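For the sequence shown, numbering that gives the first Met the number 0 gives the first residue as 0, with consecutive numbering after it.
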Amino acid sequence: MKVLGVDPGTAITGYGVIETGGGNGTPGLGRLIECGVFRFGRTNSLPHRLAELHHAIAQLIKRHQPSVLALEDAFYHKNVRTTLVLGHARGVILLAAQQAKLDIAQYAPAMIKKTVVGAGGAKKNQVGAMVAHLLRLKHAPKPADAADGVAAALTFILRSSPRMVRVGAQHAAPLRRLTI
Numbered sequence: 000m001k002v003l004g005v006d007p008g009t010a011i012t013g014y015g016v017i018e019t020g021g022g023n024g025t026p027g028l029g030r031l032i033e034c035g036v037f038r039f040g041r042t043n044s045l046p047h048r049l050a051e052l053h054h055a056i057a058q059l060i061k062r063h064q065p066s067v068l069a070l071e072d073a074f075y076h077k078n079v080r081t082t083l084v085l086g087h088a089r090g091v092i093l094l095a096a097q098q099a100k101l102d103i104a105q106y107a108p109a110m111i112k113k114t115v116v117g118a119g120g121a122k123k124n125q126v127g128a129m130v131a132h133l134l135r136l137k138h139a140p141k142p143a144d145a146a147d148g149v150a151a152a153l154t155f156i157l158r159s160s161p162r163m164v165r166v167g168a169q170h171a172a173p174l175r176r177l178t179i
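Dropping the structure here:
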């Protein structure tokens, strides 16, 4: 199974595609197929950036054929406009996923950090380091937005598995099955 994780934004959107079922990662977590960011010119109008974002996500889905989208949910920012604009970005990402008939899972930023790092208030560099550790990568994905996209995909994989990797543990620790 392939999982597409996305950290949404209208200026920079991070993403990561993980294929589960062996590979170079920890057993059960899979391997990182691709990660990166889409950058959209801040001087372009919001509708133009949203159209670019939709096209970029649709092409990514077409290229990798994931079965699941793991999307970082909106956070509530002090600046209401920032929250609203992020909602627009999430909307076009959800549209692309729905058009491709993907299953969709959404997670609060703190849930992603808690699942991957073990602390909901983890810093971006901690998320990147744990992504690298869990997938046995030589370096954390760069930039941090790409690592956040990969972390969203890992959250789906970890939270939907009957066995979950305990942060800092060498082996998976049995947990009850988690439902989304």
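Positions of the beta carbon are idealized from the N, C-alpha and C atoms, including for glycine. These numbers come from a predicted model, not from an experiment.
Quick one: what's got a C-beta closer than 8 Å to residue 1's C-beta in the same chain, skipping five residues either side?
16, 17, 18, 19, 32, 63, 64, 65, 66, 67
With the cut-off set at 8 Å, would you say residue 9 and residue 45 are in Cβ contact?
yes
Are residue 5 and residue 103 closer than 8 Å when you measure CB to CB?
no
Select from 140, 109, 70 the residue whose C-alpha is nearest the C-alpha of residue 97.
70
Is residue 156 closer than 8 Å to residue 29 when the C-beta atoms are compared?
yes
Mind checking residue 114: buried by the 16 CB within 10 Å criterion, or exposed?
buried
Cβ-based neighbour list, residue 159, same chain, cut-off 6 Å, excluding 5 preceding and 5 following
none
So, helix, strand or coil for residue 19, using DSSP?
coil
Indicate the three-state DSSP secondary structure (helix, strand or coil) for residue 6 in the structure shown.
strand
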